[in-house]
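Reading through the structure tokens given below for one structure.
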Amino acid sequence: MSEPSSTPVGLKERRPSSQNLTGLHPDAATFELRDKLLFAVPKKGRLSEQCVELLEKIGLKYRRKPRLDIAFCTNMPVALVFLPAADIPRYVANSSVDMGITGEDMIAEKNVEVQIEVKLGFGKCRLCLQAPVSKEYTSGEDLIGSRVVTSFPNLTKKYFVEKGGVTETKITYLSGSVEVACGLGLADAIVDLVESGDTMVAHNLCVVDTLLTTEAVLVSNKNTSFPKMVQKLNRRVQGVIAAKQYRMITYNVKKDMLEAAVALTPGQTAPTVQPLVDPQWVAVQSMVKTSQIHDMMDKLSEMGATAILTTEISNTRLFADGQ
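Take the sequence shown: its letters are residues 5 to 327, numbered as in this note's numbering.
Right under this line is the structure:
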């Protein structure tokens, strides 16, 4: 049974007929994949969970069937493609998909050209050169000529090239469980991601050097056939991210203190001010930075404001298109 078409009236974006989509779905024509933007999402792990949560917040509605790595959105012309996060940069770069979510570390490792639309604020970690604590290494130079195991061979090679010791250093690729390599005698050091550091400490490793810092990013192909849809989804994602940075504050204040209160909570353009039954008082509503919310409440209380309330913002558009 085919999915109902959700292409908005007037949307003319369409994938070129020369692109073969049967490998993505055997009945690509039935599902009208040429009319759908392909959005790559990490298929497993913590990053996948955070991405799925983000997709829900930007309003994408879909059902993913068991054992199928593609899901069709019912309210937008978008097909979600679930892929290994490490492969997404290459799929986006070669136009196999139009946009996706992956890590900055994955993009650097694959060394491909993609358009980074926005940093997402999650999946933050460091790619680090790590070695056994007992060895007391203090720099990358100490490990020139050693055996290094990693899931990031290209970045590791680049690092030791810059240190002048790539020819002497033996770099071995492992797809996972890199942290056990030193303990099993396979390596003298590893290059792996460090988030909390708990895994590193549990294996008696320590950071010798940091190759890069990374977080999840929304990426797109510069030559996508769906530039308007990419822009729309990008705006939605930015709205979710911006909403985390702000809170809505509402309070009552006497008119003779309104000017001082507005100076404290000016909002984006101007606060909303409404009269109350008591003509000496007004109600004020404004957006403030989340990081400043407690100081704002203290200062408003000190100037005599009452009924001070704050609420979370789930989504926002701070500026009009083009600003």
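Glycine included, every Cβ here is placed at the ideal spot set by N, Cα and C.
When you compare each of S52, I148, P275, I105 to G168 by their alpha carbons, which one comes out closest? Locating residue 168 in the sequence shown gives position 164, where the first residue counts as 1. Looking at the Cα atoms, I148 is the closest of the given residues.
For I92 versus A83, is the C-beta spacing smaller than 8 angstroms? Position 88 of the sequence shown, counting from 1, holds the residue named residue 92. Position 79 of the sequence shown, counting from 1, holds the residue named residue 83. No, these two residues do not count as a Cβ contact at 8 angstroms.
Which of the three DSSP states is assigned to Q272 in this structure? Start at 1 with the first residue of the sequence shown, and residue 272 comes out as number 268. Q272 falls in the coil class under three-state DSSP.
Local conformation of M80 per DSSP, three classes: Position 76 of the sequence shown, counting from 1, holds the residue named residue 80. In this structure, M80 counts as coil in the three-state DSSP scheme.
Grab me the residues of K162's own chain with a C-beta within less than 7 angstroms of its C-beta, minus the 5 sequence neighbours each way, in chain order. For the purposes of this step, residue 162 is taken as residue 158 along the sequence shown, with counting starting at 1. Counting only Cβ-Cβ distances below 7 angstroms, and skipping sequence neighbours, we find nothing.
When the Cα of T214 is compared with those of P275, K69, L131, L51, which residue comes out closest? Position 210 of the sequence shown, counted from the start, is the residue given in the question as residue 214. Checked all of P275, K69, L131, L51; the closest Cα to T214 is L131.
Would you call Y177 buried or exposed, if buried means 16 or more other Cβ atoms sit within 10 Å of its Cβ? The count along the sequence shown starts at 1 and reaches residue 177 at position 173. Y177 comes out exposed.
Taking 8 angstroms as the threshold (C-beta atoms), are M252 and T154 in contact? Start at 1 with the first residue of the sequence shown, and residue 154 comes out as number 150. Start at 1 with the first residue of the sequence shown, and residue 252 comes out as number 248. In this structure, M252 does not lie closer than 8 angstroms to T154 by Cβ.
Give me the DSSP bridge partner(s) of K258. Locating residue 258 in the sequence shown gives position 254, where the first residue counts as 1. According to DSSP, K258 bridges with W285.
Tell me whether the segment 241-255 and the segment 301-318 touch, counting them as touching only if at least three CB pairs, one residue from each stretch, are closer than 8 angstroms. yes
So what's T34 in DSSP terms, helix, strand or just coil? Taking the first residue of the sequence shown as 1, we reach residue 34 at position 30. With a pLDDT of only 49 at T34, under the threshold of 50, the placement of this residue in the model should not be trusted; the figure read from the coordinates follows. T34 falls in the coil class under three-state DSSP.
Compute the Euclidean distance between the alpha carbons of A264 and R321, then round it to the nearest angstrom. Position 260 of the sequence shown, counted from the first residue, corresponds to residue 264. Position 317 of the sequence shown, counted from the first residue, corresponds to residue 321. Going by the C-alpha atoms only, they are around 27 angstroms apart.
Through-space distance from F156 to F164, alpha-carbon basis: Numbered from 1 along the sequence shown, position 160 holds the residue referred to as residue 164. Numbered from 1 along the sequence shown, position 152 holds the residue referred to as residue 156. Cα to Cα, F164 sits roughly 12 angstroms from F156.
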